Structures are given as C-alpha cells and as structure tokens.
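A.B. asks:
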Amino acid sequence: MGRGCGPQAALEHPNTLGGTAIKPVERHGLEAIRWFLYDPEKGAIMGRTPMSWLKIIVFYIIYYIFLSVFWLLMLFVFFFTIDNHSPKWQNANGIIGKSPGLGLRPYQDFANIDSSMIIFNKDSSESYKSIPGYSEWALRSQRFLDSYKPINSTVCKEGDGEDAICSFDVSTLGECAEEGHGYSSGRPCIFLKLNRIYGLKNVHYTKADEFPGDAPEELKEHVETVENKEQVWIHCRGENSGDIESLGPIAYYPPSRGFPDRYFPYLNQPNYLSPIVAVQFLEPAVGQLLHIECRAWAENIAYSRMDRLGIVHLELMLHDKMTIKTISNPE
Numbered sequence: 001m002g003r004g005c006g007p008q009a010a011l012e013h014p015n016t017l018g019g020t021a022i023k024p025v026e027r028h029g030l031e032a033i034r035w036f037l038y039d040p041e042k043g044a045i046m047g048r049t050p051m052s053w054l055k056i057i058v059f060y061i062i063y064y065i066f067l068s069v070f071w072l073l074m075l076f077v078f079f080f081t082i083d084n085h086s087p088k089w090q091n092a093n094g095i096i097g098k099s100p101g102l103g104l105r106p107y108q109d110f111a112n113i114d115s116s117m118i119i120f121n122k123d124s125s126e127s128y129k130s131i132p133g134y135s136e137w138a139l140r141s142q143r144f145l146d147s148y149k150p151i152n153s154t155v156c157k158e159g160d161g162e163d164a165i166c167s168f169d170v171s172t173l174g175e176c177a178e179e180g181h182g183y184s185s186g187r188p189c190i191f192l193k194l195n196r197i198y199g200l201k202n203v204h205y206t207k208a209d210e211f212p213g214d215a216p217e218e219l220k221e222h223v224e225t226v227e228n229k230e231q232v233w234i235h236c237r238g239e240n241s242g243d244i245e246s247l248g249p250i251a252y253y254p255p256s257r258g259f260p261d262r263y264f265p266y267l268n269q270p271n272y273l274s275p276i277v278a279v280q281f282l283e284p285a286v287g288q289l290l291h292i293e294c295r296a297w298a299e300n301i302a303y304s305r306m307d308r309l310g311i312v313h314l315e316l317m318l319h320d321k322m323t324i325k326t327i328s329n330p331e
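Numbering (the UniProt record's numbering), first residue to last: 1 to 331.
Have a look at this one:
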C-alpha cells in the first residue's frame, strides 16, 4: 500500500478532507469579525493583503479615469454637433412639424389647471362657493398682458429682416386691453396666440376662394376687406347649434383678427413676443354652459377636432345675481 494512504494517514492528519483539502478553522461571533477585519496569519485586512488592496485600488483608479475621459469625449462630440441657436431638425423634418398649436390665455388657477371652463360671476368681484368673481379672471388677464411690455423691440415695417424683433401694440386689443378686460361687464375676453415653431413660415389664405369648403362665409368675406392678407386668421364659434344661438356676437382685436406675417418666422430672437388676437364675447347667455371652438386658419395648420389640432376648445359660463341666488336657494 502506498505511503500516506489508508487508515493510518487519516489518523496522522485528522483535518485532511480527501487528498488535499484542509478544513478551515471555524470561528464564530466576535472572533469571526475580528479575524475578518485583520487576519494575523495571512496579514490580510478584510480578506485582502495590503498589496492586493493596492493593486485593485490602482486598477479602479485607472479604469474610472479612462471611463471619465471617454464620457467627456462623447459629451464634447455631442455638444459640438448641437447649434445653441437653432434646432437641427426643423418644420416637416422634425417631430413638431409645421402645424403650430393654438394657445389660450388667461390660464386657469392651479386648482383647476386641467379645466378649460371659464366660469365667473359678472356682478361680483368676490367668489361665492365654487363660483369665482370676475376679479380673478381680470387679474390673470392683466398679468398676461403685463408680459407684453416692449423690451428692445421695434415697430416692424415692410423690408425689415426676418431677425427683427417686432413689438406688439397691446392698445390694438381694444376693450380687451382695458381694465377689467370685459369680465366685470359680462363681456369677457380671451387671448389667443400661436405656439412657437423655429423657422416656420406660415402659408396664408389670401383670397376667399383659397379657403377649404368648410371655411365660414363670414371669415371669407372678412379676408376680402383686409388690406394685409398675409396673416393666420382666427375664427371662433359655438360648437353646437344651441351654443351658436346663445353665444351672441363676437368681436376680434386687432380688427384684422389675424397673426401678421411680420412676426414670423420665430428665430429664437431675444425678447421675442408672439402676436395676440383677443376675442371678446359681447352678449353671452347668462346661466348657460357654452361650448366654444376657436380655429387658426392657414394652409400649413392642420385641423382635427378629435386630436385638438389647429383649435382651442373652451367652455364659458356666466353668472349674475339671479343665477347665484338660484344656486343659494335651489327650492
């Protein structure tokens, strides 16, 4: 029998497992923790010798240096390809496209930010229950118009370059620019503006016969009377027959009821101000919920009521002393 094998070898080396494996010394509790922190037999600190710790630290330092250099290089390449003044993909080549949305001001208050309803009591500046007074809407309208104070802008004229910053004369908004903005008299104003799309030049309807078949006759007739026809036109109406009847007459300011071409294209000019069209509802029915649609008319602006393209939808509901009294005493 070979040497080192058999029962005799097992008696001489009681901790030998198989032929080569040696069962490690078992340690428990605080002793195990102490030996993990420092093993005096191997000179190891937390499982590694000082030389092993040095090697792995140097490795990770070099690894993260190369990783950081690579990241900074990619970041430099990224910023090198970006134009800080204009987007790379514009109009039909970009996701936004060439059909700007129509924006509505004044905003709702924060509690009703998801609502499109303009509701107020025209006979009181104070709120009652869930019905706001007219002062809340008048104040938000004034805050919006305050942002249109001219800063380093000029009155544009024919021949000015596309990068000119054209001022917008708020006084052209008529009664909608005056104190109260029509809310205190029950003749509320809303303000419409086109969303900004860099480099977009709108394609206008300049003649009545250029409009599509669903265009209102009243708008076509208006376009024929306006001197400057290079505009994106605005038209508002009640959505349903009952709304049309109860909404009453509508006034537009400026009287041209459009966004003039001199304000476009938007080229990221400093202090640029989008043009405004104010829409005033002169005799809306009191105590009745009115559904209203305002649409922007231009060849490049798509229209879809389902997807809310080219339009803005709102509800209007006026209250007075009588309707408030009805709410207070429903009997």
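The beta-carbon is built from N, C-alpha and C at its ideal position, and this holds for glycine as well. Quick caveat: nothing in here was measured; it's all calculated off a predicted structure.
1. Enumerate in chain order the residues of its own chain whose CB-to-CB distance from I96 is below 8 angstroms, with the five nearest sequence positions on each side excluded.
2. Just to check my reading of the structure: Y303 and I292 have Cβ atoms closer than 8 angstroms, yes? What is that Cβ distance to the nearest angstrom?
3. For S185, does the three-state DSSP call read helix, strand or coil?
4. Under 8 angstroms between the Cβ atoms of L200 and I276?
5. Rounded to whole angstroms, how far is the Cβ of G182 from the Cβ of Q280, which I believe are closer than 8 angstroms?
6. Take V226 and list the residues in its own chain whose beta-carbon comes closer than 7 angstroms to its own, dropping the five residues that flank it on each side.
7. Three Cβ pairs or more, each shorter than 8 angstroms: is that satisfied between the stretch 103-117 and the stretch 310-327?
8. May I ask you to report which of helix, strand or coil DSSP gives A278?
9. Below 8 angstroms between beta carbons: does that hold for A177 and L139?
10. Alpha carbon to alpha carbon, how far is V232 from K207? Give it in angstroms, no decimals.
11. Could you tell me which residues DSSP puts in a beta bridge with N121?
12. Do you know offhand how far L282's Cα is from R187's?
13. When the Cα atoms are used, what is the spatial distance from A251 to Q269?
14. Output the distance between the C-alpha atoms of E221 and I327, rounded to the nearest integer angstrom.
15. Among F168, S124, S147, which has the Cα closest to the Cα of S185?
16. Any idea what DSSP makes of Q231, helix, strand or coil?
17. Output yes or no for whether 8 angstroms exceeds the beta carbon distance between H204 and D169.
18. How would you label G180, buried or exposed, when you count the other beta carbons within 10 angstroms and need 16 or more for buried?
19. Tell me the DSSP bridge mates of L291?
20. Just verifying my parser: in three-state terms, what is the DSSP assignment at P24?
21. Tell me where the alpha helix (DSSP H) around Y128 begins and ends.
22. Pull the bridge partners of C176 from the DSSP assignment, please.
23. Roughly how many whole angstroms lie between the Cα atoms of Y263 and C166?
24. Can you say whether R34 is buried or exposed, counting buried as having 16 or more other CB atoms within 10 angstroms of its CB?
25. Can you round the beta-carbon distance between L290 and D243 to whole angstroms, since I take them to be within the 8 angstroms contact cut?
26. For the beta strand (DSSP E) containing F259, list its first residue and its last residue.
27. Take P265 as the anchor and find which of E230, S241, E239 has the nearest alpha-carbon.
28. Quick one: give me the first and last residue of the beta strand (DSSP E) that Y252 is part of.
29. Taking 6 angstroms as the limit between beta carbons, can you name the residues of its chain near I131, skipping five residues before and five after?
30. When the Cα atoms are used, what is the spatial distance from S99 to R305?
C.D. replies: Once the coordinates are examined:
1. The beta carbon of I96 is closer than 8 angstroms to those of I197 in its chain, skipping five residues each way along the sequence.
2. Y303 to I292, Cβ: 16 angstroms. No contact.
3. The three-state secondary structure of S185, taken from DSSP, is coil.
4. No. Outside cutoff.
5. The C-beta separation of G182 from Q280 comes to about 6 angstroms, placing the pair in contact by the 8 angstroms criterion.
6. Answer for V226: S256, listed in chain order.
7. A contact is defined here as three or more CB-CB pairs under 8 angstroms, and the stretch 103-117 meets this definition with respect to the stretch 310-327.
8. In the three-state DSSP reduction, A278 falls in the strand class (E or B).
9. Not in contact: A177 and L139 (Cβ atoms no closer than 8 angstroms).
10. Each residue's Cα considered, the two are about 13 angstroms apart.
11. For N121, the beta-bridge partners assigned by DSSP are G133, H319.
12. Roughly 5 angstroms between the two C-alpha positions.
13. So the alpha carbons of these two residues sit roughly 31 angstroms apart.
14. If you draw a straight line from the Cα of E221 to the Cα of I327, it comes to about 43 angstroms.
15. Among F168, S124, S147, the Cα nearest to that of S185 is on S124.
16. DSSP places Q231 in strand when its eight states are reduced to three.
17. No, they are not a contact pair.
18. By the 10 Å Cβ count, G180 comes out buried.
19. Note that residue 291 is His in the sequence shown here, rather than Leu. According to DSSP, H291 shares a beta bridge with E315.
20. Assigned with DSSP and collapsed to three states, P24 falls in coil, not helix or strand.
21. For Y128, no alpha helix (DSSP H) run applies, since DSSP gives it neither H nor E.
22. Looking at the DSSP output, C176 sits in no beta bridge, so it has no partner there.
23. Rounded to whole angstroms, the separation of the alpha carbons of C166 and Y263 is 6 angstroms.
24. Residue environment for R34: exposed (fewer than 16 other C-beta atoms within 10 angstroms of its C-beta).
25. Indeed, because the Cβ distance is near 5 angstroms, the residues count as touching under 8 angstroms.
26. In the DSSP annotation of this structure, the continuous segment of the beta strand (DSSP E) that includes F259 starts and ends at 258-260.
27. Closest in C-alpha terms to P265, from the list E230, S241, E239, comes E230.
28. Y252 -> beta strand (DSSP E) spans 250-253.
29. Contacts found: N121, H319.
30. If you take the alpha carbons of S99 and R305, they lie about 14 angstroms apart.
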